[in-house]
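Numbering (my numbering), first residue to last: 1 to 263.
As structure tokens, then:
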């Protein structure tokens, strides 16, 4: 599963890498709110991921951000969660923090659904993060021209504890009321950190916590495809991870001084 996740994520990222440098005319429409863009690259990348998974794992269920779920007649019990372009606003504006995220879940030892593997490929950063359940998390160089890994994978171990310069990553929704609640929660969390970053890609935020570049991440209201791969990568790097219990709940990674959901 881990190799399939990596290859599928690479397929989507290669579509993103095909955008001409500096082109900002990829926007086709907004989604739920102003500034929440969807582009032909989102759709093209998801089609590429689905085509690859359909050929390699034809009995698996496919779910994603841009298209309806695809459920085979005799489903295998495994389900893929695809975010073809996490960080679309960054992509549109030429900011390098965007990626294709692909995660897969299936039955665990007790029959409950667990996350099994995931990969996040960032073409502008020329790297790929990946993990498989019980096998650790890794980062490797990635060539956008070939879609292949470069160099040897480096195992990730999460952030150092007790840093005086700890950095918290977060994000904000597009709905003004939700954004106000997120800002209030951020104010409650900030005393435990020296600084804050808002990079614009939940998948990469989680991977950067896994890498130890960021110390923690907290964001309310992200969707399953946003965290499917990144949360597993962080967890496999040894980072404490709390996934959303429902739509609109908080995704947490790292050690936080307070529970942001408690006002």
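A virtual CB, placed ideally from N, CA and C, is assigned to each residue, including glycine.
If you draw a straight line from the Cα of residue 180 to the Cα of residue 152, it is about 43 Å long.
Within the model, the alpha-carbon separation for residue 256 versus residue 250 is close to 12 Å.
Residue 129 is positioned such that its CB atom lies no closer than 9 Å to that of residue 218. Minimum Cα-Cα distance from residue 190 among the listed residues 6, 200, 164, 173 corresponds to 164. For residue 77, same chain residues with a beta-carbon under 8 Å away, outside a window of 5 residues either side, are 106, 107 in chain order.
Beta-bridge pairing by DSSP links residue 217 to 169, 253. Per DSSP, residue 126 has no beta bridge partner at all. For residue 176, the enclosing alpha helix (DSSP H) starts and ends at 176–189.
Contact fails between the stretch 166–178 and the stretch 132–144, because fewer than three Cβ pairs, one in each stretch, are under 8 Å apart.
Taking 9 Å as the cut-off, the beta carbon of residue 231 is found no closer than this to the beta carbon of residue 216. Within the model, the alpha-carbon separation for residue 85 versus residue 208 is close to 17 Å. Inclusion of residue 9 and residue 97 in the CB contact set at 9 Å is not warranted, their separation being larger than that value.
Scanning 127, 229, 260, 245 for the CA closest to the CA of residue 192 turns up 260. In the structure shown, residue 71 adopts coil according to DSSP, grouped into three states. Distances from the alpha-carbon of residue 245 to those of 239, 236, 234, 221 put 221 closest. Each residue's CA atom was taken as its position, placing residue 99 and residue 110 some 33 Å apart.
The beta carbons of residue 103 and residue 229 sit about 4 Å from each other, so the pair counts as a contact at 8 Å.
For residue 199, same chain residues with a beta-carbon under 7 Å away, outside a window of 5 residues either side, are 97, 169, 205 in chain order. 9 Å or more divides the Cβ of residue 94 from the Cβ of residue 48. Within the same chain, 167, 168, 169, 170, 186, 190 come within 8 Å of residue 196 by CB-CB distance, once the 5 residues on both sides are set aside. Taking C-beta separations shorter than 6 Å and ignoring five residues to either side along the sequence, the partners of residue 66 in its chain run 42, 43, 46, following chain order. Taking each of 241, 54, 243, 40 in turn and checking the Cα distance to residue 15, the smallest one comes out for 40.
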